[in-house]
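Single-structure report; data block below.
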Amino acid sequence: DNAPVVVFFYGNGWREAARADFEFVGSALSDAGIVTVVPDYRAYPEVSFPAFVEDGAGAVRWAMDNIDGVADGARPLYLMGHSAGAQIAALLALDPRYLVEATDSPPPLAGFIGLSGPYDFLPLDEGYLQQVFPEDTRAQSQPIEFVSAAAPRTLLVHGTDDTRVLPEHSRRLAEQLEAEGVPVTLHMYDGTGHVRVVAALAPPLQFIADTLDDVVAFIRGD
Numbered sequence: 001d002n003a004p005v006v007v008f009f010y011g012n013g014w015r016e017a018a019r020a021d022f023e024f025v026g027s028a029l030s031d032a033g034i035v036t037v038v039p040d041y042r043a044y045p046e047v048s049f050p051a052f053v054e055d056g057a058g059a060v061r062w063a064m065d066n067i068d069g070v071a072d073g074a075r076p077l078y079l080m081g082h083s084a085g086a087q088i089a090a091l092l093a094l095d096p097r098y099l100v101e102a103t104d105s106p107p108p109l110a111g112f113i114g115l116s117g118p119y120d121f122l123p124l125d126e127g128y129l130q131q132v133f134p135e136d137t138r139a140q141s142q143p144i145e146f147v148s149a150a151a152p153r154t155l156l157v158h159g160t161d162d163t164r165v166l167p168e169h170s171r172r173l174a175e176q177l178e179a180e181g182v183p184v185t186l187h188m189y190d191g192t193g194h195v196r197v198v199a200a201l202a203p204p205l206q207f208i209a210d211t212l213d214d215v216v217a218f219i220r221g222d
């Protein structure tokens, strides 16, 4: 009745993907005694920023409405994501506007867990991301800009061999959180790339990185 809840946002460069492909995340965390919600969200080219973050806030509202104890804080609630999903989860955790707009009263957050996330990625290179993040709202898409002392305790995980989202994203966010006095844990996995950080949650692949152990330890407060 008091098991913690994780809302997990998958990544795919803010492009269309499917929660069915991330069933392994729900299975791994639920096997560890953690209730896990893996929502879909609209993505490019159907929508651009901030629509997918607003959908993420709607998923949190769904958890509040459908899982006893989330709305009133009786169950610890964590927001978690990988890659683009980590950017979504980070904005929900750091910029209060989204949950305020989606809920009558935002639930307390026990923590934010970011796996290989982009948190400070301006300016944008040429390419589709310039359409994903329109210029008029682009500055609001950077989670690092919303760091404050009110941020929840945070776990950041990144592979040192990540060439898709450079490890400096997690290092810089950790530094900003520490400067505001927010408890933050940073794990850098030597020799690990972008996809392996999340793939290591799958039972057959848990030997390739410590992602599951580190996430469960963070949630349990170890």
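Residue 222 is where the sequence shown ends in my numbering, and the numbering goes up by one at each step. By construction, the Cβ of each residue, glycine as well, lies at the ideal position given by its N, Cα and C atoms. What you are looking at is a predicted structure, and each value in this text was computed from that prediction instead of being measured.
Check	Outcome
L124 versus Q130 - alpha carbon distance	7 Å
Residue environment, A179, which counts as buried when at least 16 other CB atoms sit within 10 Å	exposed
Check whether A149 and G181 have beta carbons under 7 Å apart	yes
Segment contact, 8 Å Cβ cut-off, at least three pairs: the stretch 91 to 100 with the stretch 64 to 73	no
At least three beta-carbon pairs within less than 8 Å, the stretch 111 to 124 to the stretch 154 to 162	yes
Assigned secondary structure, T163 (DSSP; H/G/I helix, E/B strand, else coil)	coil
Residue burial classification, L91 (beta-carbon count within 10 angstroms, cutoff 16)	buried
Helix, strand or coil at I34 [DSSP, three-state]	coil
Range of the contiguous beta strand (DSSP E) that encloses L79	77 to 82
G111 in three-state terms, based on DSSP	strand
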